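Chemist: Handing you this structure, nothing more for now.
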Amino acid sequence: MTAPLEEVRTCELCGDTRQRIFEVYERFGEHFPLVECEGCGLGYLNRRPTEAAMPEWYDRAYGTRHRDWCPNPLREVKFRMVRALLRLRQRGGPGRLAALPLERRWQRMLARNHMQGTAPFARILDVGCGHGAWLAGMRRFGFDCHGVDTAAESAEAARTAGLAAHHGSLESAAYPDGHFAVVRFHHVLEHLHHPVRALTEAARILAPGGRCVVTVPNHAGVARQVFRHSEDVPYHLYAFTPDTLGQAMDRAGLRRLTLHTETPHPHSIYSYLALRAVEWLNDAPEATRRAAEEFWSVANEDRVREFRATMEFFDAIGRGTQIVAVGERP
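What follows is the structure in structure tokens.
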């Protein structure tokens, strides 16, 4: 790759210049040291693609990835009824009773997306929206959906799907103050050159009481620290822990509501560990290989269930594979 690289001399979060090397990665013939700030613990690449060069790196690695939307007519009819019931619910009065059967499903959907308390038909924003899959799903529930993506092809695909999508950074969209009820960063913040600035902008464009929902890989997670799972260098510019993500939200002026770790797909982690075991076993004695092959060959649902319970323990102590943080604009 010939795209320009830059060194990072100060921590984005605390401004400290002291750093220790966590690991050095080699990608595309280049070396990318991942360091940890000695002041606050934030992990970041101290040699990384410049902001202007980032699209070239993404294009070469990923190409254009989007899908054409083919709405299911029966599903659309069902969600049209859902939206009609939500309007009755919002108006109140006797008509509200008609929406009662929908209430449990509505609350489950809000909880699943960490949007508890968000009103029907509210305006929401997905930063790094891609081709708009999540927004299209939320639009079925009647939300006024907007997206931002730095990839021109992704933003265009979202617009083709009928979504309001801005091509560029969050800051370049220049939304008005207090414009959104929810701003979402789903596995996006770690890709940004200035994540604290992006969170500060999110706080500005949120209405009072609005929610900023952030999901990032957990640098302190057991899968990351022990097995180096979920590395995506040089696209992941930052490596957050629960503590450093909380600090970033505090600096942005967001009031923390919840911050926890979770492992959403234990089956995939289990499969990943199996693959890493196979790599290791290539150099192991034959008897060890046979024993391990026997272990993995009987990997049934009971074993996966046991593994899920193990990951739930790590989730509870802040060592799950991803961090979910919800902040509120005061």
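As numbered in the UniProt record's numbering, the sequence shown has no gaps in its residue numbers, which increase by one up to the final residue, 330.
Every residue, glycine too, gets a C-beta built ideally from N, C-alpha and C.
Please read all numbers here as calculations on a predicted model, not as lab measurements.
1. Any chance the region 153 to 165 sits against the region 198 to 213, with 3 or more Cβ pairs inside 8 Å?
2. Does DSSP put E156 in a helix, a strand or coil?
3. Please classify E231: does DSSP put it in a helix, a strand, or coil?
4. Tell me which residues share the same chain as R20 and place their Cβ nearer than 8 Å to its Cβ, disregarding the 5 neighbours each side in the sequence.
5. In whole angstroms, what separates the C-alpha of H66 from that of A152?
6. Taking 8 Å as the cut-off, does the region 189 to 200 touch the region 132 to 144 (at least 3 CB pairs, one atom from each stretch)?
7. Give the DSSP-derived three-state secondary structure of T150 in the structure shown.
8. In the structure shown, what three-state DSSP assignment does D243 receive?
9. Could you round the C-beta distance between A325 and R256 to whole angstroms and report it? I think they count as a contact, below 8 Å.
10. Since S154 and G130 should fall inside the 8 Å C-beta cutoff, what is the C-beta to C-beta distance between them, to a whole number of angstroms?
11. Looking only at its own chain, which residues have a Cβ that is under 6 Å from the Cβ of L114, when we skip the five neighbours before and after it?
12. Determine whether the beta carbon atoms of A239 and G43 lie at a separation below 9 Å.
13. What did DSSP end up calling A198 once you bin it into helix, strand or coil?
14. Please go through the region 161 to 217 and give each complete beta strand (DSSP E) segment of 3 or more residues, from N-terminal end onward.
15. For the alpha helix (DSSP H) that contains L42, what are its first and last residues?
16. Starting from the Cα of A203, find the closest Cα among S172, P120 and V182 and give me that residue.
17. May I have the straight-line CA-CA distance separating A111 from R104, to the nearest angstrom?
18. Please look up how many angstroms separate the CB atoms of P234 and P49, rounded, as I've assumed it's under 8 Å.
19. How many angstroms separate the CA atom of V24 from the CA atom of G132?
20. Can F143 and P176 be called in contact, C-beta distance under 9 Å?
21. Is DSSP giving L13 helix, strand or coil here?
22. In whole angstroms, give me the CA-to-CA distance for P51 and L254.
23. Can E231 and D315 be called in contact, C-beta distance under 9 Å?
24. Taking only the alpha-carbon atoms, compute the straight-line gap between G63 and A122 and give it to the nearest angstrom.
25. Under DSSP, the alpha helix (DSSP H) around L135 begins and ends at which residues?
26. Answer with buried or exposed for D68, where buried requires no fewer than 16 other C-beta atoms within 10 angstroms of its C-beta.
27. R319 by DSSP, collapsed to three states: which one?
28. Distance, Cα to Cα, C11 vs L45?
29. Span of the beta strand (DSSP E) holding L237?
30. Identify which residue in L5, A53, M311 and L125 has its Cα closest to the Cα of I205.
31. Quick check on DSSP: helix, strand or coil for L257?
32. Thinking R47 and L13 are a contact (beta carbons under 8 Å), I'd like their distance in whole angstroms, please.
Modeler: Considering the structure as presented:
1. no
2. helix
3. The answer is coil: DSSP assigns E231 none of H, G, I, E or B.
4. Same-chain partners within the cutoff: V35, E36 and E38.
5. Because H66 sits at a pLDDT of 48, beneath the cut-off of 50, its placement in the model cannot be relied upon, and the following sentence gives the value as read from the coordinates. Cα to Cα, the separation comes out at about 11 Å.
6. no
7. coil
8. helix
9. Taking 8 Å as the upper bound for CB-CB distance, A325 and R256 are in contact here, some 7 Å apart.
10. With 8 Å as the limit, S154 and G130 qualify as a contact, their Cβ atoms being about 5 Å apart.
11. Note on residue identity: the sequence assigns His, not Leu, to residue 114. These residues qualify, in order along the chain: V213 and V326.
12. Contact flag set, yes.
13. helix
14. 164 to 167, 180 to 186 and 206 to 217
15. Counting along the chain, L42 falls outside any alpha helix (DSSP H), and DSSP gives it neither H nor E.
16. A check of alpha carbon separations from A203 across S172, P120 and V182 identifies V182 as the nearest.
17. 11 Å
18. 6 Å
19. 34 Å
20. No, they are not a contact pair.
21. coil
22. Per the sequence shown, residue 51 should be read as Glu rather than Pro. Using only the alpha carbons, I get a separation of about 25 Å.
23. No, the pair does not count as a contact, with Cβ atoms beyond the cut-off.
24. Reliability fails at G63, whose pLDDT of 47 lies under 50, so the model's placement of it is uncertain and the value that follows must be treated cautiously. Cα-Cα distance, rounded: 33 Å.
25. A133 to R139
26. Because the pLDDT at D68 is just 49, under 50, the model does not fix this residue reliably, and the point stays unresolved.
27. coil
28. 10 Å
29. That residue, L237, is in no beta strand (DSSP E); it is neither H nor E in DSSP.
30. L125
31. strand
32. Not a contact, Cβ separation roughly 18 Å.
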